[in-house]
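Numbering-wise, the sequence shown is residues 2 to 321 according to the working numbering.
Glycine residues also receive a C-beta, built at the ideal position from the N, C-alpha and C atoms.
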Amino acid sequence: MNKDLIVITGALGFIGYNVASFFNEAGKSRLILVDREVRQGRLTSLQYEQYMDAEELLSAPAEFFLRVKAVVHLGASVNTGDTNKEAVFKNNFEYSKKLFDLCTKYNSNFIYASSAATYGDGSKGFDDARRDLEPRNYYAESKHAFDEFVRDREAGPPQVVGLKFFNVYGPFESHKGRMASTILFSYQQAKQDGVIKLFRSHNPSYKDGEQKRDFIYVGDTAKVINFFLEHPELSGIYNLGTGHARTFIDLAQAVFLALGKKPKIEFIETPEQFKKQYQYFTEADMSRFHKAGYMPPMKTLEEGIKEYVVEYLEKGVLLD
């Protein structure tokens, strides 16, 4: 039987929708879109074979899975502040294991989303081959647990790729609420109040606003996933960032620049519930990723923010 289907879980979410849209642009329309919540505006904008509920996918017949070339697993509970460990692990660990086993059984490739949150406070660095990590919340624990499950399995799908996403930003993230990127909140503040408010530093090694993150544009993540899909000989767990950390002041200035406004930045206290798990520095070690052969340059923070602001936010393109 011809393996001609690509399954995308979380297909109507932030990264998933961008990936599905990119696949369509690349001529891939035999998509099975999977999610737990229907966003009709997004669904109707895509070319696809079938929409399925996340639980429905697990019980699909053998005839269906025999046609599945690859599963791109992007669906997850992404709230880093979630205190219900059982629910987080059910969605992010147990569900992922079931998909992994189905891909093993039916010889389908498996590409999944991990997270830079697995690195905890970053004190052990950001080496994607390192295993003795100390994640700081249940979301990060669940992602690390699945990475370890994948590494320890002797048998598995023909291709297994885990991508440790760093700080992804870009269009179609507004439905995430407080889990959306700082870029979106900064844009909203700049438009409404003319000022962007950033968290103060509570670490003497970093001045206010000079905390650093590796921000990656969502369009680049879609290109990377497509790259691995087209190179089934590649397997492994890879960091996915730009490899260049930037400050939150850089971010705010880029938002003002995209809006053609003079920068005005203020600093506010970091909420107590975030202080313990706050990351002051993240920067993807991209050496293994580049050895895999991916060559296209990633957008700089300024390039990504300009496209996001000018082509999407200012035009009201949301599809939520």
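| Asked | Found |
| --- | --- |
| Tell me Gly-163's beta-bridge partners as DSSP assigns them. | Tyr-113, Ile-238 |
| Shortest alpha-carbon distance to Leu-241 belongs to which of Glu-234, Asp-251, Phe-229? | Phe-229 |
| What three-state label does DSSP hand Val-359 in the structure shown? | Because the chain here runs from 2 to 321, residue 359 falls outside it and cannot be looked at. |
| Hey, would you say Ile-9 sits closer than 8 Å to Arg-31, going by beta carbons? | no |
| Run through DSSP, which three-state label would Gln-280 get? | coil |
| Rank Gly-294, Phe-90, Asp-209 by C-alpha distance to the C-alpha of Ile-269 and give the top, closest one. | Asp-209 |
| Can you give me the C-alpha to C-alpha distance between Ala-285 and Ala-146, rounded to a whole angstrom? | 20 Å |
| Quick check: the Cα distance between Leu-164 and Ala-114, rounded to an integer number of angstroms? | 5 Å |
| First and last residue of the alpha helix (DSSP H) that includes Lys-106? | 96-107 |
| Compare the C-alpha of Met-2 against each of Val-310, Ala-27, Lys-70 and name the closest. | Lys-70 |
| Exposed or buried, what is Val-169 when buried is set at 16 or more other beta-carbons lying within 10 Å of its beta-carbon? | buried |
| Rounded to a whole number of angstroms, what is the C-alpha to C-alpha distance between Lys-144 and Asp-251? | 29 Å |
| Tell me which residue opens and which closes the beta strand (DSSP E) that Asn-168 is part of. | 168-170 |
| What did DSSP end up calling Arg-1 once you bin it into helix, strand or coil? | A query on residue 1 cannot be resolved here, the shown segment of the chain reaching from 2 to 321 and no further. |
| Kindly indicate the opening and closing residues of the beta strand (DSSP E) around Tyr-218. | 216-218 |
| Using a threshold of 8 Å, state whether the C-beta atoms of Ser-202 and Val-256 are closer than that. | no |
| Which of helix, strand or coil does DSSP assign to Met-2? | coil |
| How about the segment 71-88 and the segment 171-186: do they share at least three Cβ pairs that are nearer than 8 Å? | yes |
| Identify whether Arg-152 lies in helix, strand or coil by the three-state DSSP scheme. | helix |
| Measure the C-alpha to C-alpha separation of Lys-366 and Met-53 and round it to an integer number of angstroms. | Beyond the ends of the chain as shown, which are 2 and 321, falls residue 366; an answer cannot be given. |
| With DSSP as the reference, identify every bridge partner of Thr-248, one or two as the case may be. | Lys-213 |
| CA-CA distance, Val-89 and Tyr-139? | 7 Å |
| By the DSSP assignment, the alpha helix (DSSP H) with Glu-308 in it spans what residues? | 302-308 |
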